[in-house]
Amino acid sequence: MGQARDVVAKYFAAFNAGDTAGMLECLSDDVAHHVNEGQVRRGKELFEAFCAHMSRCYRENLTDMVVFESEDGSRAAAEFTVNGTYLETDEGLPEARGQTYRLPAGSFFSLDGGKISRVVTYYNLADWTAQVS
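Here our numbering is used: the first residue of the sequence shown is 16, the next is one more, and so on.
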């Protein structure tokens with residue numbers, strides 16, 4: 016496995032462990048976090064705040080992980096399944112009642128100096144909404 020794949024694998028292992036600090040270790044200070052159907056958040060502080068919000072509203076575990084890396088190691092991608100529980104109502108979304116969901120998803124990464132400098136995650140929000148409604 017190349018360096019980019021190693022960093023992405025470490026990032027997702029930290030995610031599955033609920034280890035936000037471990038995820039932050041994988042990121043550059045000026046990371047650009049492209050939230051699914053949301054705004055771009057720049058920097059570790061906003062990334063950490065996003066993780067705190069997500070942990071409050073959702074419990075998720077990623078399975079079926081496949082990580083790809085560009086030949087030069089500057090970019091990577093991952094395909095996976097999100098297995099989750101909706102814990103607390105998220106603003107503008109259906110009411111949370113402990114519903115479970117299972118979604119295919121993907122993330123794209125740019126890497127610089129052995130750190131993730133860009134994270135983009137995509138999943139089908141309409142599919143999620145149908146599962147929890």
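From the three backbone atoms N, C-alpha and C, an ideal C-beta is built for every residue, glycine too.
* Asked: Given a threshold of 16 other Cβ atoms within 10 Å of its Cβ, counted over all protein chains shown, does H48 qualify as buried or as exposed?
  -> Residue numbering aside, residue 48 sits at position 33 when the sequence shown is read from its first letter. Buried.
* Asked: Can you tell which of E63, Q54, L77, A141 has the C-alpha that lies nearest to the C-alpha of A28?
  -> Residue 28 sits at position 13 when you count from the first residue of the sequence shown. Ranking E63, Q54, L77, A141 by Cα distance to A28 puts L77 first.
* Asked: Secondary structure at A141, three-state DSSP: helix, strand or coil?
  -> To locate residue 141, count along the sequence shown from 1; it is residue 126. If DSSP states are grouped into helix, strand and coil, A141 belongs with the helices.
* Which first and last residues belong to the alpha helix (DSSP H) in which V23 is found? -> For the purposes of this step, residue 23 is identified with residue 8 of the sequence shown, where counting begins at 1. Start and end: 18 to 31.
* Could you say which of G99, C41, Y137, D34 lies nearest to I131 if we only look at CA atoms? => Locating residue 131 in the sequence shown gives position 116, where the first residue counts as 1. Comparing Cα-Cα distances from I131 to each of G99, C41, Y137, D34, the minimum goes to C41.
* Tell me whether Y137 is buried or exposed, calling it buried when 16 or more other Cβ atoms sit within 10 Å of its Cβ. => Mapped onto the sequence shown, residue 137 falls at position 122. Exposed, by the Cβ-count rule.
* Measuring CA to CA, which of A141, E63, R90 is closest to E52? -> Sequence index remark: in the sequence shown, residue 52 carries index 37 (1-based). Of the candidates A141, E63, R90, the one whose C-alpha sits nearest the C-alpha of E52 is A141.
* To do: Figure out for me which residue from V50, E60, R20 has the closest Cα to the Cα of T35.
  => The count along the sequence shown starts at 1 and reaches residue 35 at position 20. Among V50, E60, R20, the Cα nearest to that of T35 is on E60.
* To do: Go to R57, then tell me how far its beta strand (DSSP E) extends in each direction, as first and last residue.
  => Position 42 of the sequence shown, counted from the first residue, corresponds to residue 57. Segment 55 to 57, the beta strand (DSSP E) holding R57.
* Close Cβ partners of E94 (< 6 Å) along its chain, the five nearest in sequence each way excluded -> Taking the first residue of the sequence shown as position 1, residue 94 is located at position 79. Correct list, in chain order: V81, G121.
* Does the beta-carbon distance from G88 to L118 come in below 8 Å? -> In the sequence shown, counting from the first residue as 1, residue 88 sits at position 73. In the sequence shown, counting from the first residue as 1, residue 118 sits at position 103. Not closer than 8 Å, so no.
* Are the beta-carbon atoms belonging to F124 and R90 less than 8 Å from one another? -> By 1-based counting over the sequence shown, the position of residue 124 is 109. By 1-based counting over the sequence shown, the position of residue 90 is 75. Yes, these two residues count as a Cβ contact at 8 Å.
* Would you call G99 buried or exposed, if buried means 16 or more other Cβ atoms sit within 10 Å of its Cβ? -> Against the sequence shown, residue 99 aligns to sequence position 84. Classification of G99: buried, given that the 10 Å Cβ count is 16 or more.
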